[in-house]
Amino acid sequence: MQIARVRGTVVSTQKDPSLRGVKLLLLQFVNEEGQLLEKYEVAADSVGAGFDEWVLVSRGSAARQVQGNEQRPLDASVVAIIDTVHVEDRLLYSKKDQYR
Amino acid sequence: MQIARVRGTVVSTQKDPSLRGVKLLLLQFVNEEGQLLEKYEVAADSVGAGFDEWVLVSRGSAARQVQGNEQRPLDASVVAIIDTVHVEDRLLYSKKDQYR
Amino acid sequence: MQIARVRGTVVSTQKDPSLRGVKLLLLQFVNEEGQLLEKYEVAADSVGAGFDEWVLVSRGSAARQVQGNEQRPLDASVVAIIDTVHVEDRLLYSKKDQYR
Amino acid sequence: MQIARVRGTVVSTQKDPSLRGVKLLLLQFVNEEGQLLEKYEVAADSVGAGFDEWVLVSRGSAARQVQGNEQRPLDASVVAIIDTVHVEDRLLYSKKDQYR
Amino acid sequence: MQIARVRGTVVSTQKDPSLRGVKLLLLQFVNEEGQLLEKYEVAADSVGAGFDEWVLVSRGSAARQVQGNEQRPLDASVVAIIDTVHVEDRLLYSKKDQYR
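Chains as they are written, first to last, in our numbering: chain A, 1 to 100; chain B, 1001 to 1100; chain C, 2001 to 2100; chain D, 3001 to 3100; chain E, 4001 to 4100.
Now the structure itself:
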């Protein structure tokens, strides 16, 4: 999985019928130092991720292992909202610190 | 999914028999600022995307989750025509503004 | 799918038994201006693509949706010989012009 | 598979229910000279990899071939802890030397 | 598929049980001029590829279409030992010339 930050939303009315009701988030990837990269992904969200939160995104057929997504033409899903990322002894990210 | 703009069409008569009747669009990817990237994809379209519209493209096995594509050798499909893209508080793209 | 030009062939006798009789083409990818890129792919061909022709190549599990390839360890197949590529109003490639 | 070093951990409480109890490691890829690359992956671990160890990571649907992961939305799993990597006659990495 | 040269081996004892007995080769990719690239892959070998030979490597779910690999968490397999690579009229590589 890749680490990404929720940056925005994508809305569409004319789409594959199976995508009705799916919330689509615009995610921007984060490097191992916590900085935003140019790379982004539009992913389905079913864990309730909020703006600016760090999340884990699964791509490829993994995106359809989320309940309800099995038959949807999705190649990316948010599968977790991140609490903490530790690199060596260092706390790279903590959701608690971010939002207090 | 990635955000792309419809840039053209690809036509082929000598092809895998299962691809007969499939409309193939030439898509060019768009970065998080809305600028065209060099990266492109030829994708099957079943949502009726028109020239210059912004769309979502699903790649890999997701492309075959679109009804009718299940048995086709497709690795990319247009799955949605985008109405709006919001990044933070900013409206990055609106189909309405684009075409008024 | 990606647009590629047929550049050569790869021959192998010692291989996975399921690959016997499969024609393997060396394809070089083409950018949105029609120029050859460094990126290449060795792909199975079942549509009869000839040297220098422009083709569509499907990668990943899509390569095994071609009849006869279902059980073969292939991750790339030529699925179409391109007649024309249009970008906006411009004819980027025409097989007819290429070979007249 | 790619060679990566275990660099840290990712913790999440709000996530896809199927991911409960899955240990998520932050891996950083290694080039053919043994140097850390910028590229990373967050992968499920079921082989008990420890901090700084070199591991093999499988991505895509392969990540779900690990027992217990079949239905989880995972696109990367640690599948082996590396003992040795030999390039030509040279020992590039040995777990034994690393930890004595 | 990609063209790669066999550069070394990877050995592991602590691994997913299904990987017991699988020979893992370190492959380095080759560009269209025959030069080694930085990109590498660790792949399962069942065709008996030897050191320095040129091989075809299949990635993704294709790697599990090799007999015996169906249930293994592999995302790359050597599927063929290359005899010759022709680009246009030119012989880019011949196994015979390499080893005489």
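Beta carbons: idealized from backbone N, C-alpha and C, even for Gly.
Model, not experiment: these values are computed from the prediction.
Residue-level contact check: G4060 (chain E) touches chain C, since one or more beta carbons of chain C fall below 8 Å from its beta carbon.
Under the DSSP assignment, F29 (chain A) falls in the beta strand (DSSP E) whose first and last residues are K23 to V30. When DSSP states are grouped into helix, strand and coil, D1045 (chain B) belongs to the strand group. The C-alpha of R1059 (chain B) lies about 19 Å from the C-alpha of K2039 (chain C). Annotated three-state conformation of G3050 (chain D) is coil, per DSSP. For chain D, the residues of the segment 4018-4029 of chain E that bring a beta carbon within less than 8 Å of one of its beta carbons are S4018, L4019, L4024, L4026 and Q4028, in chain order.
Among the residues facing chain C, A4080 (chain E) is included, as its CB has a counterpart in that chain under 8 Å away.
Taking C-alpha positions only, S2012 (chain C) is separated from W4054 (chain E) by approximately 10 Å. For R64 (chain A), the three-state secondary structure derived from DSSP is helix.
Measuring C-alpha to C-alpha distances from G21 (chain A) to each of A:E33, A:G34, A:M1 and A:S46 identifies A:S46 as the nearest. When Cβ pairs closer than 8 Å are counted between the two stretches, the segment 4004-4018 of chain E is seen to touch the segment 3079-3098 of chain D, the count reaching three or more. For L1074 (chain B), the three-state secondary structure derived from DSSP is coil.
Residue contact check for G2050 (chain C) against chain B: no CB pair falls below 8 Å.
The Cβ-Cβ distance between A63 (chain A) and P3073 (chain D) falls below 8 Å.
For G4034 (chain E) and I4003 (chain E), the gap between their C-alpha atoms comes out near 9 Å.
Per DSSP, reduced to three states, the secondary structure at S1094 (chain B) is strand.
Contacts between V4011 (chain E) and chain D, judged by CB atoms closer than 9 Å, involve I3082, D3083, T3084, V3085 and H3086 in chain order.
As DSSP reads the structure, L3056 (chain D) sits in a beta bridge with D:I3003 and D:A3080. Taking the Cα positions, S2094 (chain C) is about 12 Å away from D2052 (chain C). For L4036 (chain E), same chain residues with a beta-carbon under 7 Å away, outside a window of 5 residues either side, are R4005, Q4028 and V4030 in chain order. One finds M2001 in chain C with Cβ atoms closer than 7 Å to the Cβ of A1076 (chain B), taken in chain order. In this structure, the straight-line span from the alpha carbon of A1044 (chain B) to that of L2025 (chain C) is close to 24 Å. Residue environment for K2096 (chain C): exposed (fewer than 16 other C-beta atoms within 10 angstroms of its C-beta). Of the candidates E:Q4098, E:G4050, E:V4066 and E:E4088, the residue whose Cα lies closest to the Cα of E3088 (chain D) is E:G4050. With a cutoff of 8 Å on beta-carbon distance, E32 (chain A) and V57 (chain A) are scored as not near each other. Proximity of L36 (chain A) to chain D, defined by a Cβ-Cβ separation below 8 Å, is not satisfied. Of the candidates A:V78, A:S18 and A:Q14, A:S18 places its Cα closest to the Cα of E70 (chain A). According to DSSP, L1037 (chain B) shares a beta bridge with no other residue.
Burial of Q3065 (chain D) is indicated by the presence of at least 16 other C-beta atoms within 10 angstroms of its C-beta. Beyond the five residues adjoining it in sequence on each side, G48 (chain A) comes within less than 8 Å, by CB distance, of I81 in the same chain, given in chain order.
Proximity of Q65 (chain A) to chain D, defined by a Cβ-Cβ separation below 8 Å, is satisfied.
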